[in-house]
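Colleague: Numbering (this note's numbering), first residue to last: 63 to 521.
From the three backbone atoms N, C-alpha and C, an ideal C-beta is built for every residue, glycine too.
Handing you this structure, nothing more for now.
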């Protein structure tokens, strides 16, 4: 009993100290050192020491790291020692409306003052209102929404919708694409394409096949072969632009022809817009660039406005109606909670009010031109700068150069990161609110870093 009481006392005192730190806007030098030490040691001993090897902010000896502390305006953040960074990673695409947008924060705080989570039994109003707003906003006849907390959950819901839609026919074949990333739970991982993520967990969900992204002829041959052997395709799942795969943009006719193929073979078309949605590519949804409406669409990342985790799986009535008889076939405790719905409603409102999809198109073109100009003369390092809107990828001739450039960006106060599937490509994915002066700083930093990259890493 005494041992337990001592343990509780120790934990209480430690958590009280942390709560005191949370309350502070600014910290002293000594407090910053304590926070840094606790963070590094906590990752090493209690989170996952592997992250200390991965994070470019950690010194080789692992004794020091840049520890993030607070936002600095809509497009930057400050570490615990006061250094400011332009955010060109955007939390892998969650800050489309900027960091801590006042309208999103206010909506969440206002809802928090009334009720944080829902009872699970009464009808929760914001879920209904958000679903209606999405039905009004999304293309075509997408109408019903299921809300979760993450992109992986949104994809899981999409796969289950496709399965139940084809339940009577017994269709269970799914086609995804090479370099795809759809998440890391067993179902979504089955659609994800990178072997290093998949191999330790095989066998995954059965019935998945992968074909080359952007190759409509290979897709057609695969769907035909599936039909010939009696394994008709239930659904094709694709990202309209592959984000984690290295910002891979398909041929202009790929998605329209994919829509036609799915219709021809009776398969559903799932667009994973977890990263491309909510204005990122210069349209509210990337599908709008190509004039294609999927049967199911997934959203997450920026859907919660950079304030709350939130995701959505939107489907046509024809597809979603298969859950009407038993809505408990797929549920979630926290998905669609009042705080997340408030954040998502405010995010949609801000995207429209501030014309952020249009701004992403304008600033994306400006940033692309600047980065391409900076890359001139460095063709021995840079293969290509590509993108649509403010989803931009810089592909290098080797992983080593990509890492050195990302590290150089970081050292100069610009946060970027490589993509998970294609390590040679780093992503430029800032808030859609980024200013021209900040774009200029990013491009100037890129030019500077390219000149400084050690020739020893060149292939």
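If you follow the beta strand (DSSP E) that residue 511 is part of, which residue opens it and which one closes it?
Modeller: Not the beta strand (DSSP E): residue 511 falls in the alpha helix (DSSP H), residues 498–514.
Colleague: Using the Cα positions of residue 131 and residue 368, report the straight-line distance between them to the nearest angstrom.
Modeller: Rounded to whole angstroms, residue 131 to residue 368 spans 15 Å at the Cα level.
Colleague: Would you mind giving the Cβ-Cβ distance between residue 217 and residue 370, rounded to the nearest angstrom? I have them listed as a contact below 8 Å.
Modeller: The pair is not a contact, with the Cβ atoms about 19 Å apart (cut-off 8 Å).
Colleague: Within this structure, are the beta carbons of residue 446 and residue 505 separated by less than 9 Å?
Modeller: The answer is no: Cβ separation not under 9 Å.
Colleague: Can you give me the start and stop residues for the beta strand (DSSP E) that residue 446 sits inside?
Modeller: Taken as a continuous stretch (DSSP letters only), the beta strand (DSSP E) holding residue 446 covers 444–450.
Colleague: My guess is that residue 238 and residue 310 are in contact by the Cβ rule of under 8 Å, so how many angstroms apart are they, rounded?
Modeller: In fact, because the Cβ distance is near 14 Å, the residues do not count as touching under 8 Å.
Colleague: Using the Cα positions of residue 522 and residue 454, report the straight-line distance between them to the nearest angstrom.
Modeller: Lying outside 63 to 521, the shown extent of the chain, residue 522 is not represented and no answer is given.
Colleague: One question on the structure: do residue 301 and residue 308 come within less than 9 Å of each other, judged by their Cβ atoms?
Modeller: Taking 9 Å as the Cβ cut-off, residue 301 and residue 308 do not qualify as a contacting pair.
Colleague: Cβ atoms of residue 357 and residue 381: under 9 Å apart, would you say?
Modeller: Cβ atoms of residue 381 and residue 357: closer than 9 Å.
Colleague: Tell me where the beta strand (DSSP E) around residue 104 begins and ends.
Modeller: Where residue 104 is concerned, there is no enclosing beta strand (DSSP E), although the alpha helix (DSSP H) it sits in stretches over 91–104.
Colleague: Taking DSSP's pairing of strands, which residues face residue 528 in a bridge?
Modeller: A query on residue 528 cannot be resolved here, the shown segment of the chain reaching from 63 to 521 and no further.
Colleague: Determine the burial state of residue 111: buried for a count of at least 16 other Cβ atoms within 10 Å of its Cβ, exposed for fewer.
Modeller: The residue in question, residue 111, is exposed, as its Cβ has fewer than 16 Cβ neighbours within 10 Å.
Colleague: What is the DSSP secondary structure of residue 181, reduced to helix, strand or coil?
Modeller: Here residue 181 sits in coil by DSSP.
Colleague: Using a 10 Å radius around the Cβ and a threshold of 16 neighbouring Cβ atoms, would you call residue 530 buried or exposed?
Modeller: In the structure as shown, the chain begins at 63 and stops at 521. Residue 530 is therefore absent and cannot be evaluated.
Colleague: Using the rule of at least 16 other Cβ atoms within 10 Å of the residue's Cβ for burial, across every protein chain shown, is residue 158 buried or exposed?
Modeller: Buried is the call here.
Colleague: Between the Cα of residue 365 and those of 108, 90 and 156, spot the shortest distance and give me the residue it belongs to.
Modeller: Cα-wise, what sits closest to residue 365 is 156.
Colleague: Identify which residue in 401, 490, 415 and 503 has its Cα closest to the Cα of residue 172.
Modeller: When each option's Cα is compared against that of residue 172, the closest is 401.
Colleague: Measuring alpha carbon to alpha carbon, tell me which residue in 372, 474, 183 and 98 is nearest residue 405.
Modeller: When only C-alpha atoms are compared, the closest one is 372.
Colleague: In whole angstroms, what is the alpha-carbon distance linking residue 115 and residue 79?
Modeller: Roughly 28 Å separates the two Cα atoms.
Colleague: Do three or more CB pairs link the segment 204–216 to the segment 240–253 at distances below 8 Å?
Modeller: At 8 Å Cβ cutoff, the stretches touch.
Colleague: If you count every other CB in all the chains shown that lies within 10 Å of the CB of residue 304, and 16 or more means buried, which is it?
Modeller: Residue 304 comes out buried.
Colleague: Per DSSP, which residues does residue 138 bridge with? Please list them.
Modeller: DSSP, once it has assigned bridges, lists 134 and 148 as partnering residue 138.
Colleague: Cα-Cα, which of 502, 461 and 411 is closest to residue 430?
Modeller: For residue 430, the nearest C-alpha among the options comes from 502.
Colleague: Taking only the alpha-carbon atoms, compute the straight-line gap between residue 392 and residue 225 and give it to the nearest angstrom.
Modeller: Computed Cα separation, rounded: 12 Å.
Colleague: Taking 9 Å as the cut-off, decide whether the C-beta atoms of residue 150 and residue 478 are in contact.
Modeller: Contact: yes.
Colleague: Is residue 276 closer than 9 Å to residue 343 when the C-beta atoms are compared?
Modeller: The answer is no: Cβ separation not under 9 Å.
Colleague: Between 179, 323, 384 and 70, which lies nearest to residue 219 when the distance is taken from Cα to Cα?
Modeller: For the residues 179, 323, 384 and 70, the minimum Cα distance to residue 219 belongs to 384.
Colleague: What does the alpha-carbon distance come out to for the pair residue 146 and residue 138?
Modeller: In a straight line, the C-alpha of residue 146 is about 7 Å away from that of residue 138.
Colleague: Give the straight-line distance between the Cα atoms of residue 378 and residue 203, rounded to the nearest whole angstrom.
Modeller: Distance between the alpha carbons of residue 378 and residue 203 is about 6 Å.
Colleague: Buried or exposed: residue 500, going by 16 or more other Cβ atoms within 10 Å of its Cβ?
Modeller: By the 10 Å Cβ count, residue 500 comes out buried.
Colleague: Take the Cβ of residue 227 as the centre, count every other Cβ of all protein chains shown within 10 Å, and call the residue buried at 16 or more, exposed below.
Modeller: Label assigned to residue 227: buried.
Colleague: How would you call residue 185, buried or exposed, if buried means at least 16 neighbouring beta carbons within 10 angstroms?
Modeller: Residue 185 should be labelled exposed.
Colleague: Could you tell me the distance, in whole angstroms, from the CA atom of residue 416 to the CA atom of residue 347?
Modeller: Rounded to the nearest angstrom, the two C-alpha atoms are 16 Å apart.
Colleague: Give every residue of the same chain whose Cβ lies closer than 8 Å to the Cβ of residue 174, excluding the five residues on either side of it in the sequence, and list them in chain order.
Modeller: Cβ within range, chain order: 401.
Colleague: Is residue 135 closer than 9 Å to residue 152 when the C-beta atoms are compared?
Modeller: For residue 152 and residue 135, no; Cβs fall outside 9 Å.
Colleague: Between the C-alpha atoms of residue 448 and residue 456, what's the straight-line distance to the nearest angstrom?
Modeller: For residue 448 and residue 456, the distance between alpha carbons rounds to 7 Å.
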